[in-house]
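Below: one structure, written as structure tokens.
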Amino acid sequence: MKIIETKNLVKRFNGVYAIDRLSIGIEKGQITGIVGPNGSGKTTLINLLSGVLKIDSGEIVVDGTEKITRILPHQVFFYGITRTFQNVRLFEQMTVLDNILVVITERNIFSSLFEKHIEYHHKIAEEVLQKVGLWKKKNQLAANLSYGQRKLLEIARALAMKAEVYLFDEPFAGLFPEMRKIVSVIVQELKQKNKTVILIEHDIGLIRELCDYIFVMNEGRLLAEGKPESVLERKEIIEAYFGN
Ligand SMILES: Nc1ncnc2c1ncn2[C@@H]1O[C@H](COP(=O)(O)OP(=O)(O)OP(=O)(O)O)[C@@H](O)[C@H]1O
Ligand SMILES: [Mg+2]
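Every number in our numbering is 2 more than the matching position in the sequence shown, counting from 1.
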């Protein structure tokens, strides 16, 4: 079953096509890789799927029925979609813990008035911070974390949203091996829970290891799709991706 489909999706910046009539289908409960050279439109696609950017034309269909043509970022959770950013976005002057609590309470603003819910929110926050190894740092300001820890905090925040679809924009980039391992386990656990993961990644080894299916993009268009092992050995894909 397709949980997200794009139909002839178009996004231009100053007349230049960042996404050019892109039609793809994302299978529910799988890990789908989005690969392609720099500037091929991967982040723009995620920005459209998460309502950060407005679609120029075409449409996004969620769960077979809900059509997103104009959706605002704070509404996107309604569709069960959450994301992380290629350039991490945190509340710098808040603590690690508050960075998590703020997104949980934001979408439960009424229920958070009741103490038992506050306790429940803390439980979720502890669970996700333990998972990324940041529970001990819960009282530090986000601004004081290392680059890798900041990326992990953003992933923890996405997990705290308990969404159906997780959009991860290069979550492994710049991480040390032990942190990469944490992210890799998280991605695989989401799949085990039948959640859908869309993963933008440059590392072909990770793509092969994690992804059930991949879309290869080039200049905003779909170059190829299929299982990583078959797509990634095609000569024209390797050339487009790595250059000659
Ligand atoms: N806000 C913007 N304003 C103008 N042009 C943009 C904007 N965002 C992206 N672009 C352009 O759209 C194209 C696609 O960019 P995008 O960031 O989606 O690529 P990407 O595949 O994520 O690349 P990378 O691998 O480097 O992250 C590029 O030509 C980029 O310069
Ligand atoms: Mg990008």
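Idealized CB from N, CA, C, for every residue including glycine. Keep in mind the model is a prediction, meaning the values are calculated, not measured.
Beta-carbon contacts of residue i that lie in its chain and below 7 Å, excluding the five residues immediately before and after
i: Asn101; result: Leu92, Phe93, Ala144, Leu155, Arg159
i: Met163; result: Phe79, Thr84, Val105
i: Lys44; result: Ile36, Gly38, Ile202, Met219
i: Ala165; result: Phe79, Gly82, Ile83, Thr84
i: Gln88; result: Thr45, Asp171, Glu172
i: Leu136; result: Val98, Gln151, Leu154, Leu155, Ala158
Distance, residue j Cα to residue i Cα
i: Gln151; j: Ile62; result: 33 Å
i: Arg85; j: Pro173; result: 10 Å
i: Leu50; j: Asp171; result: 13 Å
i: Lys69; j: Leu147; result: 38 Å
i: Ser114; j: Ile120; result: Any reading at Ser114 must be qualified, since the residue scores a pLDDT of 48, below 50, and its modelled position is unreliable; the value itself is stated next. Cα-Cα distance, rounded: 6 Å.
i: Leu161; j: Lys125; result: 13 Å
i: Glu221; j: Phe15; result: 13 Å
i: Glu238; j: Lys9; result: 25 Å
i: Lys56; j: Lys197; result: 25 Å
i: Glu180; j: Gln190; result: 16 Å
i: Ile5; j: Leu103; result: 28 Å
Beta-carbon gap between residue i and residue j smaller than 8 Å
i: Leu47; j: Ile28; result: no
i: Ser186; j: Leu212; result: yes
i: Asp214; j: Ile33; result: yes
i: Ile216; j: Glu227; result: yes
Cutoff 6 Å; reference residue i; Cβ partners in own chain excluding five residues on either side
i: Glu7; result: Gly27, Val63
Member of the options whose CA lies at the smallest distance from the CA of residue i
i: Asn141; options: Ile83, Ser52, Thr97, His123; result: Thr97
i: Gly31; options: Gln194, Gly207, Ala242; result: Gln194
i: Asn40; options: His204, Arg236, Leu208, Lys229; result: His204
Own chain residues within Cβ distance below 8 Å of residue i, not counting five before or after
i: Glu231; result: Arg210
i: Gly176; result: Tyr149, Gly150, Lys153
CB contact check: residue i to chain C, cutoff 8 Å
i: Val105; result: Checking the listed chains, one finds no chain C in this structure; it contains a single protein chain.
Any beta strand (DSSP E) of 3 or more consecutive residues that is wholly inside the stretch 38-75: 59-64, 68-70
Can you list, in chain order, the stretches of the alpha helix (DSSP H) that have 4 or more residues and sit fully within the stretch 92-167? 98-108, 117-133, 149-162
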